[in-house]
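Worksheet: one structure, shown below.
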Amino acid sequence: MFSLDAEFLIALAVSIYLTIVFLQSGLDKAFDFSGNLAFLSEMFESAPIKLPVAPLLACVTLFELAAGVLSGLGALSMVFVGSTTLAYWGAILSCVSLLMVLSGQRLAKAYADAAVIAPYFLVSCLGIYLLGS
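Residue 298 is where the sequence shown starts when you use the numbering used here, and the numbers rise one by one after that.
Now the structure itself:
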């Protein structure tokens, strides 16, 4: 089903990493939606563009949960079926989720918070590269 070569192991590790990151983040947003909404509403008060924070938070939450679930199912699929398709789509949704968050942080002028996203984005891009080949 699978081999233990370096490329496979790194791809599997990336999928598991994305599962952990995005399930935790998405579940946190889902279970504490009101707390996250209050925090983000305050953060966006001084943004130059007034954004509908609640629907955007719901959208990011759904994308993060989907990214985490697909990455997790993809990791299992890699091990038991030998397919990277689900993990590949999990990595793509991870990138999309991070670009959404990055856009919001830049609009809110939370530049230090936006910079923290770069390593996560690079891991997601690595996942796309490894899992799509």
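Cβ atoms here follow ideal geometry from the backbone N, Cα and C, with glycine treated the same way.
This structure is a prediction, so every number in the text was calculated from the model and none was measured.
Can you find the residues in the same chain that come closer than 8 Å, C-beta to C-beta, to residue i, ignoring five residues on each side of it along the sequence?
i, result
"ALA310", "none"
Go through its chain and collect everything with a Cβ distance to residue i's Cβ below 7 Å, but skip five positions before and after it.
i, result
"GLY387", "SER312, LEU315, ALA364, LEU367, SER368, GLY371"
"PHE360", "LEU390, VAL393, SER394, MET397"
"SER380", "SER374"
"GLU304", "LEU427"
Would you mind working out which of the options sits nearest residue i, comparing C-alpha positions?
i, options, result
"LEU423", "SER322, LEU324, ALA384, SER400", "ALA384"
"ILE346", "LEU428, PRO416, ALA411, GLN402", "GLN402"
"TYR417", "LEU306, LEU301, ILE317", "ILE317"
Starting from residue i, follow the alpha helix (DSSP H) in both directions and report where the run begins and ends.
i, result
"ALA487", "As shown, the chain starts at 298 and ends at 430. That puts residue 487 outside it, with no answer to give."
"LEU306", "303–328"
"PHE341", "First-last for PHE341: undefined, no H or E at that position."
"VAL357", "350–377"
"SER391", "382–404"
Please classify residue i: is it buried, with 16 or more other beta-carbons within 10 angstroms of its beta-carbon, or exposed?
i, result
"SER338", "exposed"
"LEU419", "exposed"
"TYR426", "exposed"
"VAL357", "buried"
"VAL413", "exposed"
"VAL350", "buried"
"TYR263", "Beyond the ends of the chain as shown, which are 298 and 430, falls residue 263; an answer cannot be given."
On the premise that residue j lies in contact with residue i, defined as a C-beta separation below 8 Å, what is that separation, rounded to the nearest angstrom?
i, j, result
"SER421", "LEU395", "6 Å"
"SER391", "PHE319", "6 Å"
"GLY323", "LEU362", "4 Å"
"LEU354", "LYS326", "7 Å"
Leaving out the 5 sequence neighbours to the left and right, which residues in its chain are closer than 6 Å to residue i when beta-carbon positions are compared?
i, result
"MET340", "ALA405"
"GLN321", "none"
"ALA344", "LEU404, ALA405"
"MET297", "Outside the modelled stretch of the chain, which goes from 298 to 430, sits residue 297, for which no answer is possible."
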